[in-house]
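Chains as they are written, first to last, in my numbering: chain A, 4 to 113; chain B, 8 to 137. Encoded as structure tokens, the structure appears first; notes follow it.
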Amino acid sequence: MAYEINGESIEHDEEGYLSDINQWTPELAGLLAKDEGIEMTDEHWEVINFLREYYEEYQIAPAIRVLVKALKKKFGPEKGSNKYLYELFPYGPAKQACKIGGLPKPTGCI
Amino acid sequence: MEEEWDEDGPDVVKRFMYVNRKAPYGTVYALEMLEKVLIAAAFEQDVHLVFMDDGVYQLKKGQDTKAVNMKNFSPTFRALEGYEVEKLYAEKESLEARGLTADDLVVPVEVISSKELSELMAKQEVILTA
Numbered sequence: 004m005a006y007e008i009n010g011e012s013i014e015h016d017e018e019g020y021l022s023d024i025n026q027w028t029p030e031l032a033g034l035l036a037k038d039e040g041i042e043m044t045d046e047h048w049e050v051i052n053f054l055r056e057y058y059e060e061y062q063i064a065p066a067i068r069v070l071v072k073a074l075k076k077k078f079g080p081e082k083g084s085n086k087y088l089y090e091l092f093p094y095g096p097a098k099q100a101c102k103i104g105g106l107p108k109p110t111g112c113i
Numbered sequence: 008m009e010e011e012w013d014e015d016g017p018d019v020v021k022r023f024m025y026v027n028r029k030a031p032y033g034t035v036y037a038l039e040m041l042e043k044v045l046i047a048a049a050f051e052q053d054v055h056l057v058f059m060d061d062g063v064y065q066l067k068k069g070q071d072t073k074a075v076n077m078k079n080f081s082p083t084f085r086a087l088e089g090y091e092v093e094k095l096y097a098e099k100e101s102l103e104a105r106g107l108t109a110d111d112l113v114v115p116v117e118v119i120s121s122k123e124l125s126e127l128m129a130k131q132e133v134i135l136t137a
């Protein structure tokens, strides 16, 4: 299974997560978001970029509880909330945002 | 697991101890154990994480796994604080036998003797070893 973009195929698993996270590009994120029915805004990018930085530092995608706490610390209580994240990513912020950001599914997210 | 969680916290909290005894690479035990710990943490359990025997090498600073073509997962131990997993222990005898001290490790741990460790084990409800 693969995404097709600019004549390239990017392999993904049965749930749509990239097989090789190094193949991610911002352009691919746009395609993935469209598949999820999400129109990317600056607020979406803020979360995606934050997740990618978290992954870079810790080598895992955070659980939702941990993500909310970390966002609160960086951006304040308005953005560090479950409600805010669900408004941006209605089908589960950790799952959808990680997928769009090219990261693996968060551990503990079944 | 649903991504929503109960604001009141979990109904049941048990004392879990995860005992790491194996070197980080060569087998998948160490990485799988870390995943188990993250899952227990997601369920807000009382997690105790022990490193002994060659398991102390999992926390060694300056790991470079390029030559064995495995992911260096030692940075993930630094994420545990964010998961509120803060009870980390290393067995004193295991560190000493390998010429290591707490300063050689990627995260702060409490160094405890074999005897103290056995007392701590006696207080747990669930113990998993790998």
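Beta carbons are placed, not taken as given, at the ideal position from N, Cα and C, and that holds for glycine.
For valine 92 of chain B, which residues in the same chain have their Cβ closer than 6 Å to its Cβ, ignoring the five residues on either side in sequence? Correct list, in chain order: Ala48, Val54.
Count the C-beta pairs between the segment 62 to 82 of chain A and the segment 91 to 103 of chain A that are closer than 8 Å, then say yes if the count reaches three, no if not. Because the criterion of three Cβ pairs below 8 Å is met, the segment 62 to 82 of chain A and the segment 91 to 103 of chain A touch.
Leaving out five residues on either side along the sequence, give the residues of the same chain with a beta carbon under 6 Å from the beta carbon of glutamate 123 of chain B. Excluding positions up to five away in sequence, the list is empty.
What does DSSP give as the partner residue(s) for tyrosine 6 of chain A in the beta ladder? A/Ile13.
Three-state class that DSSP yields for aspartate 23 of chain A in the structure shown: Reduced to three states, the DSSP call for aspartate 23 of chain A is coil.
Listed in chain order, which residues of the segment 64 to 86 of chain A have Cβ atoms closer than 8 Å to some Cβ of chain B? Those would be Pro65, Ala66, Ile67, Arg68, Val69, Lys72, Ala73, Asn85, in chain order.
Glutamate 60 of chain A CB to nearest chain B CB: under 8 Å? By this cut-off, glutamate 60 of chain A is an interface position.
Starting from the Cα of glutamine 70 of chain B, find the closest Cα among B/Val20, B/Ala30, B/Asp18, B/Glu117 and give me that residue. A check of alpha carbon separations from glutamine 70 of chain B across B/Val20, B/Ala30, B/Asp18, B/Glu117 identifies B/Ala30 as the nearest.
Can you check whether the C-beta of glutamate 39 of chain A is within less than 8 Å of a C-beta belonging to chain B? It does not; no Cβ of chain B falls within 8 Å.
Check the DSSP bridge columns for arginine 22 of chain B and list the partner residues they point to. Arginine 22 of chain B has B/Asp53 as its beta-bridge partners, per DSSP.
Using a Cβ-Cβ cut-off of less than 9 Å, give me the residues of the segment 88 to 112 of chain B that come near chain A, in sequence order. Those would be Gly89, Tyr90, Glu91, in chain order.
Below 7 Å on C-beta distance, what does threonine 110 of chain A contact in chain B? Within chain B, the residues near threonine 110 of chain A are Glu42, Leu45, Ile46.
Can the beta-carbon of isoleucine 134 of chain B be found less than 8 Å from the beta-carbon of valine 44 of chain B? No. Outside cutoff.
Neighbour list for proline 82 of chain B in chain A, Cβ cutoff strictly below 8 Å: Within chain A, the residues Glu60, Tyr61, Gln62 have their CB atoms less than 8 Å from the CB of proline 82 of chain B, given in chain order.
Whole angstroms is fine: what's the gap from leucine 95 of chain B's alpha carbon to lysine 37 of chain A's? The alpha-carbon separation between leucine 95 of chain B and lysine 37 of chain A amounts to approximately 43 Å.
Assuming phenylalanine 80 of chain B and glutamine 26 of chain A form a contact by the criterion Cβ under 8 Å, report the distance between their Cβ atoms to the nearest whole angstrom. The Cβ separation is near 21 Å, so there is no contact.
Using the beta-carbon of each residue, which ones in chain A are nearer than 7 Å to threonine 78 of chain B? A quick correction: the sequence has lysine, not threonine, at residue 78 of chain B. Ordered by position in chain A, the residues that pass the 7 Å Cβ test against lysine 78 of chain B are Gln62.
Using a Cβ-Cβ distance cut-off of 8 Å, determine whether alanine 49 of chain B contacts chain A. Yes, contact with chain A.
State buried or exposed for glutamate 9 of chain B, treating a residue as buried only when at least 16 other CB atoms are found within 10 Å of its CB. A caution first: glutamate 9 of chain B carries a pLDDT of 47, below 50, which makes its placement in the model unreliable, though a value can still be read off. So glutamate 9 of chain B counts as exposed.
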